[in-house]
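Engineer: Numbering (our numbering), first residue to last: 10 to 87. We put the CB at the ideal spot given by N, CA and C, even for glycine.
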Amino acid sequence: MEPNALAMIADVLKATGPYGLVAALGWAFWRLIERKDREVKALHERLLSMAEVQTAAITKVEAALVALKEAIQELRRG
Numbered sequence: 010m011e012p013n014a015l016a017m018i019a020d021v022l023k024a025t026g027p028y029g030l031v032a033a034l035g036w037a038f039w040r041l042i043e044r045k046d047r048e049v050k051a052l053h054e055r056l057l058s059m060a061e062v063q064t065a066a067i068t069k070v071e072a073a074l075v076a077l078k079e080a081i082q083e084l085r086r087g
C-alpha cells in the first residue's frame, strides 16, 4: 500500500474518531461474512446434488431387492 494511502486513511480516522474505526471494521466484517455466505451456499448446492444422486441409487437398489424377493418367491412356488 502506498504511503499516501496510509496517510489518507490516518487522516480519515482522525477526522471520524472511533466511529470511523467502527465503521471500517464493520465494513470489513460484512465483506468477510459475505464471502463465507457464498462458500456455504456453494457447499449446500454440492451436498444437495450428492443427496439427489444418493437417493437415486438407493431407489435403484430398493427396486432390485424387490425384484430379487419376487424371484425367490417364484422359485419357492415353482
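Alpha helix (DSSP H) containing Glu48: first to last residue?
Structural biologist: For the purposes of this step, residue 48 is taken as residue 39 along the sequence shown, with counting starting at 1. Pro27 to Arg86 is the extent of the alpha helix (DSSP H) around Glu48.
Engineer: Where Ala60 and Ala80 are concerned, what is the direct C-alpha to C-alpha distance, given to the nearest angstrom?
Structural biologist: Position 51 of the sequence shown, counted from the first residue, corresponds to residue 60. Position 71 of the sequence shown, counted from the first residue, corresponds to residue 80. Whole-angstrom Cα-Cα distance: 30 Å.
Engineer: Taking just the CA atoms, how far does Glu48 sit from Leu57?
Structural biologist: Counting from 1 along the sequence shown, the entry for residue 57 is found at position 48. Counting from 1 along the sequence shown, the entry for residue 48 is found at position 39. Between Leu57 and Glu48, the C-alpha separation is close to 14 Å.
Engineer: Are the beta-carbon atoms of Leu41 and Leu30 separated by less than 8 Å?
Structural biologist: Taking the first residue of the sequence shown as position 1, residue 41 is located at position 32. Taking the first residue of the sequence shown as position 1, residue 30 is located at position 21. Between Leu41 and Leu30, the C-beta spacing is not below 8 Å.
Engineer: If you draw a straight line from the C-alpha of Phe38 to the C-alpha of Gly26, how long is it?
Structural biologist: In the sequence shown, the residue the question calls residue 38 occupies position 29. In the sequence shown, the residue the question calls residue 26 occupies position 17. C-alpha separation (whole angstroms): 19 Å.
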